[in-house]
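Notes to accompany the following structure.
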Amino acid sequence: MRNDLLFIDGELVDLDDSTKITLNIKSNLFTDLSKIVSNNSYTIKLPKTVRNQRVIKHADLPACSTDYPRKYHSARYIRNGVEIIPNGKAVVLSISEVIEVALTWGNFVSLSNLIGEGKTLNELFSEDYVQWDSNIAISDYEKNSGVIVSKINFGFKEEETAVTYHPSVRASHIVERIQAGYGLTFRWPEEKRQVISKLIIPCLYRNGGYANQQERYCKVDIAGSQDSLLFWNKKEEGSKFGEAFQYNFATGSSIIVRSIKVLADGTMVITPNFKSKNDNLVLLYGESWIDENYQYLPYTIIDDEYPYHYNIPYEIDIQKGYFFTIGIRQGWANVNRIESNSVVFSMKPKEIQIGDKFSIAENLPKIKMIDFIKSLCYICGLFAIASEEENQLSFVSIDIIKNNKSRAKNWTKKVVASYQDNKPNKMSYILDNFAQNNRLKWKEDETVVGLFNGVIVVENNTLDLEKDTIMMPFAASDTRGGIASVPIYTYDVSGELEYETVEPRILLEQDDNGKSKGVFIGLDWMTLINQNYQTYQEMVRNPVIITEKIEISDIDLKELDVTVPVYLGQYGRYYALISVKAEDTGVCECKLLQLEV
682 MRNDLLFIDG ELVDLDDSTK ITLNIKSNLF TDLSKIVSNN SYTIKLPKTV RNQRVIKHAD
742 LPACSTDYPR KYHSARYIRN GVEIIPNGKA VVLSISEVIE VALTWGNFVS LSNLIGEGKT
802 LNELFSEDYV QWDSNIAISD YEKNSGVIVS KINFGFKEEE TAVTYHPSVR ASHIVERIQA
862 GYGLTFRWPE EKRQVISKLI IPCLYRNGGY ANQQERYCKV DIAGSQDSLL FWNKKEEGSK
922 FGEAFQYNFA TGSSIIVRSI KVLADGTMVI TPNFKSKNDN LVLLYGESWI DENYQYLPYT
982 IIDDEYPYHY NIPYEIDIQK GYFFTIGIRQ GWANVNRIES NSVVFSMKPK EIQIGDKFSI
1042 AENLPKIKMI DFIKSLCYIC GLFAIASEEE NQLSFVSIDI IKNNKSRAKN WTKKVVASYQ
1102 DNKPNKMSYI LDNFAQNNRL KWKEDETVVG LFNGVIVVEN NTLDLEKDTI MMPFAASDTR
1162 GGIASVPIYT YDVSGELEYE TVEPRILLEQ DDNGKSKGVF IGLDWMTLIN QNYQTYQEMV
1222 RNPVIITEKI EISDIDLKEL DVTVPVYLGQ YGRYYALISV KAEDTGVCEC KLLQLEV
């Protein structure tokens, strides 16, 4: 008779005598720093009972159309009355004579959506903006705002009026946005949270953005159609495109624009004169009516009955001085109505100019959100650990194991001896995924002159000589005049201002006589290693790993804490947990890293 229960999507599944559930509990504290691993199970073979086939939505039948095997499902696992996995995920691996499933819980469960979607920082939803005026004020130091203007050497001269300081965003503000967007909670050690609150990310791009799109819109009525071209009649009061926007009502509806991006978005009702669907909707644009360009508009048919309703979302770049209009390239159909006899064009400049609203979200780096979170961990020397709370992820420093020696679990009498003499079941001297020299690097940028990379050393000549352990998505920054140098502006031989993008940067906010300034001092890898990785370096320099059979009760397994070391009196040493392979026998295979005395 079995003494364990497995629930998938809240339903109890059948287990038979051959169903073996082996759990693999992992620690992130001694893995490759670039990876976040999760607790998981070995393959679980469920019998193909009527109940189990119903639970998996009959995915074992070729004729049954279901996406069940392609999704994660909530899972709970109870052994001897102890709920070992309260918030797990189950996935179907394959189906043959049995149903093969696997369980995961811990870190991956919390981050699965964030990792799976792969969204970048510039995809964060935010209406934040800064009014980008030439006399923009530097923010006060530690201003209580997620968006600030920090003094950074962007390369322009003090007397320059065509550009000014770009805004920066606090790392903590971005973290808050990510948490809100994905329903996550990140737990940081207090002293590291303070560090993260001082990290800032400059907005180095000048994309037009949402704020300017909202301001630069135009709603015009249809005056009529002629030779396949529409003519605009009037502009809605209070709306504008900018100083270069003009109308010529009587002779061709010419619209003169500066270099912008146009978004046409609305519902168009087409009434062809021969009752057939018209596939030739076009946006015409060009320098003149003769030298015209056109693009067929994408559309979705809303109403398949005559007259035909189309939804048309479209985006196109228009060069300075071009005209544009919507028309019918062929078919000689009339346009009866576009959003109640009118059309709305939303326009945003390709490049923000002085006097515009500097949109924040669109000008953040194109760095994956998960890579951004990892970057904060790298800077602070933090590692992810599993949390019992759903959608919560905790980060800890490796120092916590050293500090927790006073709380160490005494497993001396729990060891199942393999030999008569006091020797471990197995010993090894290599941690996975390490080389002799494990390089920690900032992203390469040809504008950066200084040397800011570092290395974690493992003293083992049998390993590969070197490897890139961490490659940050941000570049380092040189220092000019006591502030970080991020040279996005330069001057040509004629003294004309030029703008070029560089690799993304992350800086530290410092006090500049009560004002905010951005620096890179203290963020080079050698300094970070000395501050945050000394204990880690000690533990991995000459590792000794032992593997032992340990008796661990189900209650102890549920409450297992990888941040608390264990003591083995047989060897008179403390050990950190690397992994625990737990079968249903009560005896676990434990891989342990020996700590320095």
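Just so we're aligned, residue 682 is where the sequence shown starts under the working numbering, counting upward by one. Each residue gets a CB set at the ideal place from its N, CA and C atoms; glycine is no exception. Since we're looking at a predicted model, the values are computed, not measured.
{"query": "Alpha-carbon spacing of Glu778 relative to Asn733, whole angstroms", "result": "13 Å"}
{"query": "Cα-Cα separation between Leu1178 and Thr845, rounded to whole angstroms", "result": "12 Å"}
{"query": "His754 in three-state terms, based on DSSP", "result": "strand"}
{"query": "Lys1031 versus Gly889: straight-line alpha-carbon distance, rounded", "result": "5 Å"}
{"query": "Assigned exposure category for Asp972 - 16 Cβ within 10 Å defines buried", "result": "At Asp972, the pLDDT of 46 sits below 50, so the modelled position is not reliable; the number obtained from the coordinates is stated separately. Exposed."}
{"query": "Burial state of Thr1150, where buried means 16 or more other Cβ atoms lie within 10 Å", "result": "buried"}
{"query": "Inter-residue spacing [alpha-carbon to alpha-carbon] between Thr1128 and Gln1212", "result": "27 Å"}
{"query": "DSSP state of Asp741 mapped onto helix, strand, coil", "result": "coil"}
{"query": "Ile652 and Gln1275 closer than 9 Å at C-beta", "result": "Nothing in the structure corresponds to residue 652, since the chain is present only between 682 and 1278."}
{"query": "Beta-carbon proximity check, Ile737 vs Asp685, cutoff 9 Å", "result": "no"}
{"query": "Collapsed DSSP secondary structure at Leu802 in the structure displayed", "result": "helix"}
{"query": "Cβ pair Ile1082, Val1245 closer than 9 Å", "result": "yes"}
{"query": "Same chain, Cβ closer than 8 Å to His754, five either side skipped, listed in chain order", "result": "Ile689, Asp690, Lys770, Ala771, Val772"}
{"query": "Reduced DSSP category for Asn733 - H, G, I as helix; E, B as strand; rest coil", "result": "helix"}
{"query": "Continuous beta strand (DSSP E) stretch holding Cys1271: start and end", "result": "1268-1275"}
{"query": "When Val1261, Gly1176, Glu1277, Glu781 are compared against Leu704, the one with the closest alpha-carbon", "result": "Val1261"}
{"query": "Buried versus exposed, by CB contacts within 10 Å (16 or more), Ala818", "result": "exposed"}
{"query": "Straight-line Cα distance separating Ser699 from Tyr1217", "result": "42 Å"}
{"query": "Status (buried if at least 16 other CB within 10 Å, exposed otherwise) for Glu1277", "result": "exposed"}
{"query": "Contacts around Asp1205, its chain only, beta-carbon distance under 6 Å, and the 5 residues preceding and following it disregarded", "result": "Phe1133"}
{"query": "Own chain partners of His847 with C-beta closer than 6 Å, once the 5 adjacent residues on each side are dropped", "result": "Pro883, Cys884"}
{"query": "Secondary structure of Glu1219, DSSP reduced to three states", "result": "helix"}
{"query": "Where the alpha helix (DSSP H) containing Ala861 begins and where it ends", "result": "852-863"}
{"query": "Buried versus exposed, by CB contacts within 10 Å (16 or more), His854", "result": "buried"}
{"query": "Cys1271, buried or exposed, once every other Cβ within 10 Å from all chains shown has been counted against 16", "result": "buried"}
{"query": "Coil, strand or helix - Ala1042 by DSSP", "result": "helix"}
{"query": "Buried versus exposed, by CB contacts within 10 Å (16 or more), Lys832", "result": "buried"}
{"query": "Backbone secondary structure at Glu1179 - three-state DSSP", "result": "strand"}
{"query": "Boundaries of the beta strand (DSSP E) in which Phe1076 is found, first to last residue", "result": "1073-1078"}
{"query": "Those residues which DSSP pairs with Arg1161 across a bridge", "result": "Ile1164"}
{"query": "Proximal residues to Val694 (C-beta, below 8 Å), its chain only, five neighbours per side dropped", "result": "Leu687, Phe688, Leu727, Arg732, Asn733, Val736"}
{"query": "Cβ shell of Asp821 (< 8 Å), same chain only, five flanking positions each side left out", "result": "Gly1195, Lys1196, Ser1197"}
{"query": "Residue from Asp1265, Ile1035, Gln812, Ile1169 whose Cα sits closest to the Cα of Ala843", "result": "Ile1035"}
{"query": "Opening and closing residue of the beta strand (DSSP E) in which Gln812 lies", "result": "810-812"}
{"query": "Beta carbon of Ala1156 nearer than 9 Å to that of Asn803", "result": "no"}
{"query": "Lys1055 versus Leu795, Gly1250, Tyr749, residue with shortest Cα-Cα distance", "result": "Leu795"}
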